[in-house]
Amino acid sequence: MPALHPAAAAQGPIRILAFGDSLMAGYGVRKGEGFVPQLEALLRAEGLDAEVVNGGVSGNTTGHARSRVRWTLDALRPPPDLALVSFGGNDILRAVPPEETRADLRAVLDEFARRRIPVVLAGMLAPPFLGARYTRAFNAIFPELAAEYGLPFYPFLLAGVAGNARLNLPDRVHPNAAGIARMVKGVARYVLRAVR
162 MPALHPAAAA QGPIRILAFG DSLMAGYGVR KGEGFVPQLE ALLRAEGLDA EVVNGGVSGN
222 TTGHARSRVR WTLDALRPPP DLALVSFGGN DILRAVPPEE TRADLRAVLD EFARRRIPVV
282 LAGMLAPPFL GARYTRAFNA IFPELAAEYG LPFYPFLLAG VAGNARLNLP DRVHPNAAGI
342 ARMVKGVARY VLRAVR
């Protein structure tokens with residue numbers, strides 16, 4: 162996977178595409194409390210001149226990501242300097258076969274690689290109630306693809322948030338503003354390493 166071009170910072174803000182599902186779209190929280198504005202604010206507080214573009218669509222699976230990655234990138238002018246990619250939660254909810262999730266995510270990563278856009282990959286973990294076989298196959302997807310493509314990898318976007326009622330909306334699926342802040346804090350260091 163290509164590295165961030167050193168001239169990018171000299172040309173204005175580093176443009177980062179947050180490409181994902183409802184976890185990035187800002188589902189159920191007020192404007193300014195979603196993943197994208199919180200990530201942008203944290204990166205700026207760390208001294209990075211960053212613009213984070215919201216590429217999150219609620220309900221998206223990796224299959225949806227595969228179908229829209231090209232036109233999403235075609236519509237972005239200028240193109241992003243970096244992408245933070247995270248899907249999988251809806252694949253779990255719909256019990257999408259892990260081999261299908263893997264193939265779809267691979268196609269997404271191939272498209273970013275083809276356009277020479279560096280990627281930070283944030284993983285998702287399946288809960289054990291789906292069964293050992295499914296969980297084992299699903300949970301292997303993200304670290305294995307990250308290693309194959311040479312990507313910076315944050316193992317679990319919902320680390321410290323999943324299962325914590327204080328950090329989630331009443332639906333117990335989507336994080337609240339405090340939960341999003343925890344997510345952003347976890348993944349931001351990987352983004353910062355990728356651009357510095």
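In this note's numbering, the protein residues as written are 162 to 357. Cβ coordinates follow ideal geometry from the N, Cα and C atoms, glycine included.
Buried or exposed by the 16-neighbour rule on C-beta atoms within 10 Å, applied to residue i
{"i": "Gln172", "result": "exposed"}
{"i": "Arg277", "result": "exposed"}
{"i": "His166", "result": "Low confidence applies to His166: its pLDDT is 49, below 50, so where it sits in the model is not reliable enough to give any reading."}
{"i": "Gly217", "result": "buried"}
{"i": "Arg327", "result": "exposed"}
{"i": "Ala236", "result": "exposed"}
{"i": "Pro304", "result": "exposed"}
{"i": "Glu261", "result": "exposed"}
{"i": "Asp210", "result": "exposed"}
{"i": "Leu266", "result": "buried"}
{"i": "Leu204", "result": "buried"}
{"i": "Pro331", "result": "exposed"}
{"i": "Asp193", "result": "Checking the displayed sequence, the identity of residue 193 turns out to be Gly instead of Asp. With fewer than 16 other Cβ atoms within 10 Å, it is exposed."}
Inter-residue Cα distance where the pair is residue i and residue j
{"i": "Ala302", "j": "Ala206", "result": "With the sequence shown as reference, residue 302 is identified as Ile, and Ala is not the correct amino acid for it. The straight-line gap from Cα to Cα measures roughly 33 Å."}
{"i": "Ala298", "j": "Ile175", "result": "35 Å"}
{"i": "Val322", "j": "Pro288", "result": "14 Å"}
{"i": "Ala168", "j": "Leu286", "result": "With a pLDDT of 44 at Ala168, under the threshold of 50, the predicted position of this residue should be treated as unreliable, and no value is reported."}
{"i": "Ala170", "j": "Ala244", "result": "The pLDDT assigned to Ala170 is 49, lower than 50, so where the model puts this residue is not dependable; a value taken from the coordinates is nonetheless given after this. So the two alpha carbons sit approximately 15 Å from each other."}
{"i": "Gly189", "j": "Glu272", "result": "30 Å"}
{"i": "Glu309", "j": "Pro316", "result": "15 Å"}
{"i": "Ala293", "j": "Arg238", "result": "44 Å"}
{"i": "Ala226", "j": "Asn300", "result": "19 Å"}
{"i": "Ala307", "j": "Ala355", "result": "14 Å"}
{"i": "Val230", "j": "Val348", "result": "21 Å"}
{"i": "Gly208", "j": "Pro240", "result": "22 Å"}
{"i": "Phe314", "j": "Val246", "result": "10 Å"}
{"i": "Pro259", "j": "Phe290", "result": "15 Å"}
{"i": "Gln199", "j": "Asn251", "result": "22 Å"}
{"i": "Gly324", "j": "Arg333", "result": "7 Å"}
{"i": "Asp182", "j": "Ala268", "result": "17 Å"}
Opposing strand residues paired with residue i [DSSP bridges]
{"i": "Ser228", "result": "Ser228 pairs with nothing; no bridge assigned."}
{"i": "Ala244", "result": "Leu178, Val280"}
{"i": "Pro336", "result": "Asn329"}
Expected contact under 8 Å - CB spacing of residue i and residue j to nearest Å
{"i": "Phe180", "j": "Thr233", "result": "7 Å"}
{"i": "Ser219", "j": "Ala264", "result": "23 Å between Cβ atoms; not a contact."}
{"i": "Leu318", "j": "Val280", "result": "Not confirmed; about 14 Å, so no contact."}
{"i": "Val345", "j": "Phe248", "result": "Between Phe248 and Val345 the Cβ distance is about 17 Å, and since that is not below 8 Å, they are no contact."}
>> Quick check for students: name the residue ranges of the beta strand (DSSP E) that lie wholly in the region 260-332, counting only runs of 3 or more.
In response: 280-283
> Which runs of the beta strand (DSSP E), 3 residues or longer, sit entirely within the region 167-219?
Replying inline: Restricted to the region 167-219, the beta strand (DSSP E) segments that are unbroken, complete and at least 3 residues in length are 175-181, 211-217, listed in chain order.
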